[in-house]
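Chains A and B, in that order, are what the protein sequence lines are.
Heads up: the first sequence at position 80 corresponds to 861 in my numbering, and the numbers run straight through without jumps.
Heads up: the second sequence at position 8 corresponds to 789 in my numbering, and the numbers run straight through without jumps.
A virtual CB, placed ideally from N, CA and C, is assigned to each residue, including glycine.
What follows is one structure encoded as C-alpha cells, with my remarks underneath.
2 protein chains.
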Amino acid sequence: MKLSVKTDYAARAVLSLASLPREGPARKVEELAETVGTSANYLVQILIELKGAGLVDSVRGKHGGYRLAKAPEEITLGMVWRASEGSILDVPAIVDDDCPAGLREAWKSASASLTESADQVTFAQILEASGRDREMYYI
Amino acid sequence: MKLSVKTDYAARAVLSLASLPREGPARKVEELAETVGTSANYLVQILIELKGAGLVDSVRGKHGGYRLAKAPEEITLGMVWRASEGSILDVPAIVDDDCPAGLREAWKSASASLTESADQVTFAQILEASGRDREMYYI
DNA sequence: TGGCACATGAAACTTTCGGTCAAAACCGAT
DNA sequence: ATCGGTTTTGACCGAAAGTTTCATGTGCCA
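Structure below.
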C-alpha cells in the first residue's frame, strides 16, 4: 500500500504554514508550492480540501493566500491525512458480514493502531523536531 | 487510503486454507474462490503471489490445488499483506532528503506502528477467533 | 484594475480488477 | 507406456477507475 503524493504534499504544506506566525500576512499559494515542491495548480486543490476540513483559512484579494486555522498543537498528522484521503485506512472487510469475525477483528486492530499513531503526533511536535534538526547543521 | 480487495481476498484465502488440515488433499482454486467470494481467474493470480512469498504450496494434476506452506501459527497478517502489495505502507517521503526531518520521523513512526500491528496477529489466532464465533451460532 | 483564490474540466498516466488463452504438469485408466 | 482429462501455471490483454497535472475562466478584495 502506498501513500499518495497528495497526502504527502498536504502534510508538507501544513508544516510550512505552521512554521510562520498565524498573525502575519497570509502565504501565497505560489510560494507554498515552491517550498512543498509541486505545482501551484495542484496544491490549490489540496488546500481547498484542507480548508473544508477546517485546518486552513484563506484570504482573497491582492494580499491573499493561506494560513493555519488552528494552532499547530491542535493539528495532528491524522487530521491532515483524513482531510486529504477521506479516511486514514479504510478496510471494507470490517463492515462485511461475509468476512469471518476473527479476520474482521484483525483488520480493525491494525487500522486502529495506525489511526492512533497518526492522531498522536501534532504539527507542533513535527515542527520542533524539524527545527531542532536544522539547528544541528549550524553547530 | 483504502485497502485493495486483492489483499482482502488474499487474507480470506489464507484463512480458508488454514481452516483445514495441511495433511489432507489440496483445495481446488474453484472451491477456494467460492468461499472467498471472487472469481477463480482472479484468485489464481493472488495465489501465485502468495506462493512466491512461500506462504502457500500448489499441487498440479487431477487432485491438485493449494495448501498452506507453513503452520497457521507462523503466518501473520503482515506477511500476507506484503505478499499481496509489496509493502504494508510505503511512504516515499521517508527516504526523501527534501522532506523535513520531523515529518519523516512522524511518517516512519506511523508506518512502523501499522507494520508491528499487522505482524503481531497470526492466522492461528484469527482462525480461533473466527471459530469461536461460529460456534456461538449453534448454542 | 490587478492580483489572487476559487471552481471546473480535461489530458496524461498509473493502478485495479479481472478475462482469456496456451502450455505444462499430473493422475488414472487403457 | 501411452492417452485423455483435469488442474496449475504464467503471460498477455483490456476496460474501468483513480491519480496527478495542467489549463481556463470566474469571482473576490484591496
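Under 8 angstroms between C-beta atoms of residue i and residue j
i: S926(A); j: L884(B); result: Outside the displayed range of chain A (782 to 920) lies residue 926(A), so it cannot be described from this structure.
i: G842(B); j: D879(A); result: no
i: A891(A); j: L895(B); result: yes
Residue i - containing beta strand (DSSP E), residue span
i: S785(A); result: First-last for S785(A): undefined, no H or E at that position.
i: G846(A); result: 846-849
Endpoints, the alpha helix (DSSP H) within which residue i is located
i: L884(A); result: 882-901
i: G859(A); result: 858-866
i: V837(A); result: V837(A) -> not in any alpha helix (DSSP H); beta strand (DSSP E) instead, spanning 837-840.
i: K832(A); result: 821-833
Within-8 angstroms CB hit, residue i to chain A
i: L784(B); result: yes
i: V861(B); result: no
i: E812(B); result: no
i: S820(B); result: no
i: S839(B); result: no
i: L824(B); result: no
i: R848(B); result: no
Chain B contact residues for residue i, given Cβ-Cβ distances below 7 angstroms
i: I907(A); result: G883, L884, A887
i: K879(A); result: What sits at residue 879(A) in the sequence shown is Asp, not Lys. What D879(A) touches in chain B: G818.
i: E866(A); result: M782
Under 7 angstroms by beta carbon: chain A residues contacting residue i
i: I869(B); result: M782
i: A834(B); result: Here the premise fails: no neighbours, minimum Cβ distance about 16 angstroms.
Within chain B, the residues that residue i reaches when beta carbons sit closer than 8 angstroms
i: P873(A); result: K783, L784, V786, D789
Closer than 8 angstroms to chain B by CB, residue i
i: V902(A); result: yes
Cross-chain neighbours of residue i in chain A, by beta carbon under 8 angstroms
i: L895(B); result: L870, A891, S894, L895, S898
Say whether the stretch 880-899 of chain B touches the stretch 803-813 of chain A, bearing in mind that this needs 3 or more beta-carbon pairs closer than 8 angstroms, one atom from each stretch. The stretch 880-899 of chain B, when compared against the stretch 803-813 of chain A, does not touch it at the 8 angstroms Cβ threshold.
With a threshold of 8 angstroms, are at least 3 pairs of Cβ atoms found where one atom belongs to the stretch 862-876 of chain A and the other to the stretch 838-846 of chain A? Contact fails: fewer than three Cβ-Cβ distances are below 8 angstroms.
Contact the stretch 791-799 of chain B vs the stretch 849-862 of chain B: 3+ CB pairs below 8 angstroms: Touching, yes.
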